[in-house]
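One structure is given here, and the rest of the page talks about it.
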Amino acid sequence: MLKKLIALSTMTLSLFVVSSSVLAVTPTGKTILERANNAYNSEKSYTVLHINQGKVEKEFKYKEAFIPIKDLFNSRVSGIKWDNKNKIAEVTNAGSGVLAIPLMGSS
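In terms of mature numbering (1 follows the signal peptide of the UniProt record, and there is no 0), the sequence shown is residues -24 to -1, 1 to 83.
Quick look at the structure:
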């Protein structure tokens, strides 16, 4: 019984420490854009994206924080549709919608 109590106490303490550290690194901000801007070093004027597929790695470097959705999915899916009214990108593969991503922007 004492071993179970010690194990339970240790697990509870571990969860508290992990959740405290996660909350400590959670970016602050009211909007997704504010949280994204606070998540990384704001002094950097670029973003680098590495995409690995098997042994092949592609690197994309952008002069801003935003990465075009076409660079993420274009070579791996059959199409990307943009719903300008709802600001949603729908990624399709073989004619079926596989992912709907809410985005900010107009194109």
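A virtual CB, placed ideally from N, CA and C, is assigned to each residue, including glycine.
Remember, it's a predicted structure, so these values are computed and weren't measured experimentally.
Grab the span of the alpha helix (DSSP H) containing Ile45 for me, first residue to last. From DSSP, the alpha helix (DSSP H) with Ile45 extends over Ile45 to Phe49.
Between Leu48 and Gly5, what straight-line distance do the alpha-carbon atoms span, to the nearest angstrom? Cα-Cα distance, rounded: 25 Å.
When Val24, Thr68, Glu10 and Ile8 are compared against Asn50, the one with the closest alpha-carbon: Distance from the Cα of Asn50 is smallest, within the candidate group Val24, Thr68, Glu10 and Ile8, for Thr68.
Among residues of its own chain, excluding the 5 on either side of Tyr38, which ones have a beta-carbon nearer than 7 Å to its beta-carbon? So the qualifying residues of the chain are Tyr22 and Thr23.
Return the bridge partner residues of Gly73 from the DSSP annotation. According to DSSP, which records beta bridges pairwise, Gly73 is partnered with Thr68.
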